[in-house]
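To keep things clear, I will list the structure first and then write my remarks on it.
Residue numbers (this note's numbering), protein chains in the order written: chain S, 6 to 483; chain R, 6 to 483.
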């Protein structure tokens with residue numbers, strides 16, 4: 006029997022708290038290589054729920070799932086220069102099979118634009134074949150220097166959508182639609198509010214014309230890029246000759262998008278909803294929604310019967326239930342349920358049988374209530390809904406209270422130190438200024454927000470003093 | 006618009022037929038590296054259905070899904086000598102990241118026994134923690150010399166289950182239970198009959214004590230290993246120190262199993278059910294179960310309305326439907342539906358509106374019938390059931406008629422030439438004899454069948470003449 010270690014308080018040391026909850030919450034085990042992790046049942050279970058629900062949504066958009074190879078020859082990725090430059094230092098390179106040296110080096114995919122290029126090339130001939138909307142669920146490898154479970158791992162899991170369209174307008178619209186899909190998905194399933202916007206030139210995806218992003222706020226005030234959607238223009242289609250004949254028989258290169266959401270989203274959930282008892286999983290994507298705990302002082306048969314009956318009823322109502330049958334103590338089971346973030350815990354003891362009631366505990370608020378046995382299903386359904394809504398409301402409030410407009414660099418530096426989201430007027434071509442800001446404050450340009458109402462019409466650039474109507478959200482980020 | 010190429014008749018050239026149907030059936034595109042393939046929507050769709058259904062079954066057995074790293078350090082796999090020897094020549098080896106040479110070589114997983122060892126080690130302390138039943142859906146890489154889409158690719162997708170138990174008996178039973186699960190899964194979802202048995206010493210998994218297999222018969226008579234389940238004993242638990250304290254506080258190494266089913270299963274479906282019109286997908290795992298084809302000579306609005314109505318009704322009954330809205334001809338759409346193996350095709354034309362009926366075509370038999378519009382849902386449900394049962398019956402019959410008992414090596418060689426499944430009496434320790442047989446006939450020992458009634462009580466070994474009660478199924482195999 007494993008003991009639960011003490012969790013470092015969130016206010017005391019946020020990164021230690023994170024490590025404590027993920028290693029005790031049945032979420033991860035470190036892998037044998039630096040920067041790799043094992044997704045244990047609780048975190049992989051969240052990922053399965055994300056997959057299941059996001060899949061339904063993107064399939065409704067007409068997207069079809071495919072699977073492309075893990076490995077690509079060096080020559081393939083080198084065709085798109087900006088793209089390969091962006092990924093080169095992180096590419097895991099296969100040079101041998103068994104004892105045999107390969108003629109050409111092979112890369113493990115860091116993303117699959119160049120592989121999809123091949124599929125599009127063979128699938129597209131005429132306007133009749135467009136649009137082509139594909140997606141794959143896959144693992145990718147980016148060997149980064151600094152790693153952090155869920156947030157930045159050498160290997161991660163994601164979905165990557167790749168689409169080809171006959172016009173620029175359609176592709177642009179599709180890339181914008183997908184970032185809205187992600188924003189809604191975070192709201193409706195992960196109970197997280199996000200800031201939506203475009204990446205600056207410095208921050209955009211290597212090979213994209215426009216990168217859309219959603220940025221979520223963690224409990225320490227830092228930003229986490231929660232998903233991205235890229236408009237790729239004809240960058241890849243020109244390099245890889247992906248073209249179609251239009252109605253006038255002219256040969257035209259397709260316009261493309263790509264968009265992805267990864268296992269980072271699990272990190273977002275943990276850091277945005279967790280507390281000093283452990284993680285808090287939003288009900289809709291919780292692998293287990295209800296923990297049924299039997300209080301079995303005297304191995305009371307009636308308690309077991311009632312628990313089984315309740316499990317059956319809840320499951321018939323589509324609720325995911327776990328009964329821990331081990332001989333661990335109630336206290337241990339309750340603590341384990343809390344650290345693992347199970348939305349609702351129900352305790353059933355011999356006295357409850359007499360009174361025809363059970364104790365229901367909400368994970369997010371630890372609010373406890375005795376509920377009549379006949380009302381449990383209705384109450385659980387209501388609570389799952391409330392927990393979701395309350396978690397989202399808290400997330401919305403956190404951003405609202407910690408996003409600040411500022412037009413002085415002095416004040417900006419203070420706010421960044423306080424780990425706020427800071428929106429500033431800044432000149433449009435700000436690559437060098439962003440470098441300077443990062444060096445002096447560690448903050449980075451998260452996005453050019455497109456849906457915030459706190460920007461003025463125009464204001465003086467915090468770095469150059471020039472009058473601008475261009476605003477960027479800066480923050481420290483994961 | 007892509008044209009469908011002529012399919013080589015199955016009787017004329019089986020391997021060319023296979024290539025023709027997979028490249029025209031929306032199944033694969035070759036990847037940029039030798040031995041890699043792109044799973045297009047039709048084949049990945051089959052895999053999604055297999056995942057969805059098999060997941061439900063293995064979760065009912067108490068198995069929980071996890072995800073382990075793709076990459077492992079060389080030193081890790083080298084701990085189990087027999088295991089690494091089995092895989093060494095096929096291991097894709099990462100030696101560099103970007104331009105930097107790594108200190109230790111890294112392998113891409115060919116299977117994950119040694120990675121799961123680490124998870125078990127950290128999860129298991131006492132008998133209270135056992136059994137531990139894990140599974141992962143993942144890609145693995147085995148760089149084989151001869152490759153063939155679906156059947157033998159450098160990278161393939163699979164599920165690999167890994168379990169730890171407190172007793173030998175429990176682990177042995179679990180490994181046997183899982184091969185039965187696979188056998189039933191092939192019957193209930195893939196409509197395929199299989200031969201169940203143990204692998205001989207020569208053929209068993211590197212590191213296993215016993216390897217159970219199910220072998221399916223392809224239409225050319227060759228055998229395809231359809232899934233395996235291994236009893237690993239304490240081979241890995243001793244090497245990796247995976248142990249638990251039993252009730253008497255004694256430290257004992259766990260007993261383990263592993264079991265897997267891969268994208269080869271898609272190859273099995275194609276080669277066992279396909280015909281000269283293309284592939285035939287068993288209804289339960291068909292990504293699209295019904296193709297609705299509008300006969301739109303005059304762009305008749307009533308036809309579109311009726312097709313939409315029918316689509317809605319079928320989907321409300323849980324049936325997966327596709328409507329091809331392109332302006333391709335009826336003939337093209339029908340041929341495409343057939344080559345892609347969609348179980349049922351429904352054609353709706355203006356005259357059908359008048360008569361309140363539609364034309365329903367079964368893919369497996371090309372049997373056509375006019376059905377009253379009110380009866381379509383019931384008829385489709387009945388047909389899907391019939392198609393499944395008939396496909397299974399054909400598969401059962403194919404094996405029954407082509408599996409032959411034989412006790413003379415001369416006759417054996419003839420039967421193997423005719424691509425039969427041949428069961429022979431042979432001495433138990435037959436490694437060298439198997440080498441000889443393979444050299445002389447290209448047939449390999451598929452399994453020691455455990456559920457066949459055609460073996461005698463004892464008979465003379467076909468190679469040594471000794472009286473034995475040990476029988477092995479030989480066949481040419483993929």
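In this text, a Cβ means the ideal position worked out from N, Cα and C, and glycines have one as well. Here the structure is a predicted model, which is why all the values come from computation and not from measurement.
| query | result |
| --- | --- |
| From which residue to which residue does the alpha helix (DSSP H) around residue 388/S run? | 381 to 407 |
| Rounded to whole angstroms, what is the Cα-Cα separation between residue 81/S and residue 75/S? | 13 Å |
| Residue 240/R to residue 36/S, Cα distance in whole Å? | 21 Å |
| Need the endpoints of the alpha helix (DSSP H) that residue 240/S sits in, please. | 240 to 244 |
| Hey, how far is the Cα of residue 15/S from the Cα of residue 223/S? | 12 Å |
| Consult DSSP for residue 269/S and reduce its assignment to one of helix, strand or coil. | helix |
| Helix, strand or coil: how does DSSP classify residue 53/R here? | helix |
| Can you tell me whether DSSP reads residue 513/S as helix, strand or coil? | Outside the displayed range of chain S (6 to 483) lies residue 513/S, so it cannot be described from this structure. |
| In angstroms, rounded to a whole number, what distance separates the CA positions of residue 120/R and residue 182/R? | 24 Å |
| What residue range does the beta strand (DSSP E) around residue 199/R cover? | 199 to 203 |
| Which residues in chain R have a C-beta closer than 8 Å to the C-beta of residue 123/S? List them in chain order. | 34, 36, 37 and 43 |
| Beta-carbon within less than 8 Å of residue 58/R's beta-carbon, same chain only, minus the 5 sequence neighbours each way: which residues are those? | 190, 194, 289 and 290 |
| To the nearest angstrom, how far is it from the Cα of residue 102/R to the Cα of residue 55/R? | 35 Å |
| Mind listing the chain R neighbours of residue 331/S? Cutoff is C-beta to C-beta under 8 Å, in chain order. | 133 |
| Where in the region 38 to 107 of chain R do unbroken runs of the beta strand (DSSP E), each at least 3 residues long, occur, reported from the N-terminal end onward? | 42 to 44, 76 to 78 and 97 to 102 |
| Of the residues 412/S, 124/S, 144/S and 437/S, which one's Cα is nearest the Cα of residue 463/S? | 412/S |
| DSSP on residue 357/R, reduced to helix/strand/coil? | helix |
| Under the DSSP definition of a beta bridge, which residues are partnered with residue 454/S? | 202/S |
| Look at residue 354/R and residue 296/R and say whether their C-beta atoms are less than 9 Å apart. | no |
| Measure how close the beta-carbons of residue 47/S and residue 32/S come, nearest whole angstrom, since I'm counting them as under 8 Å. | 5 Å |
| Here's a check: name, in chain order, each residue in its chain whose Cβ is nearer than 8 Å to the Cβ of residue 372/R, leaving out the five neighbours to either side. | 366 |
| Out of 144/S, 13/S and 94/S, state which residue places its alpha-carbon closest to the alpha-carbon of residue 43/S. | 144/S |
| Since residue 230/S contacts residue 168/S with CB under 8 Å, what's their CB separation in whole angstroms? | That pair is no contact at about 21 Å. |
| For a minimum of 3 consecutive residues, which ranges assigned as the beta strand (DSSP E) are wholly contained in the region 132 to 195 of chain S? | 137 to 146 and 160 to 170 |
| Grab me the residues of residue 95/S's own chain with a C-beta within less than 7 Å of its C-beta, minus the 5 sequence neighbours each way, in chain order. | 115, 147, 148 and 149 |
| Which chain S residues are close to residue 101/R, counting only those with a beta carbon under 7 Å from its beta carbon? | 98 and 100 |
| Against chain R, does residue 51/S count as a neighbour if the rule is that its beta carbon must be under 9 Å from one of theirs? | no |
| Run the CB neighbour count on residue 256/R, radius 10 Å, all protein chains shown included, and call it buried at 16 or more, exposed below. | exposed |
| Of the residues that make up the region 197 to 221 of chain S, which ones have a beta carbon closer than 7 Å to any beta carbon in chain R? | none |
| With a threshold of 9 Å between beta carbons, is residue 328/S in contact with chain R? | no |
| Against chain R, which members of the region 256 to 270 of chain S pass a CB distance test of less than 8 Å? | none |
| Using 8 Å as the threshold, is the region 261 to 275 of chain R in touch with the region 316 to 324 of chain R, meaning 3 or more CB pairs across them? | no |
| Which one of 129/R, 199/R and 427/R has the shortest CA to CA distance from residue 248/R? | 129/R |
| Determine, using beta carbons only, whether residue 478/R comes closer than 9 Å to chain S. | no |
| Taking the beta strand (DSSP E) that residue 34/R falls in, what are its first and last residues? | 33 to 35 |
| Closer than 8 Å by beta-carbon distance: list the chain R residues that pair up with residue 70/S, in chain order. | 46, 49, 50 and 53 |
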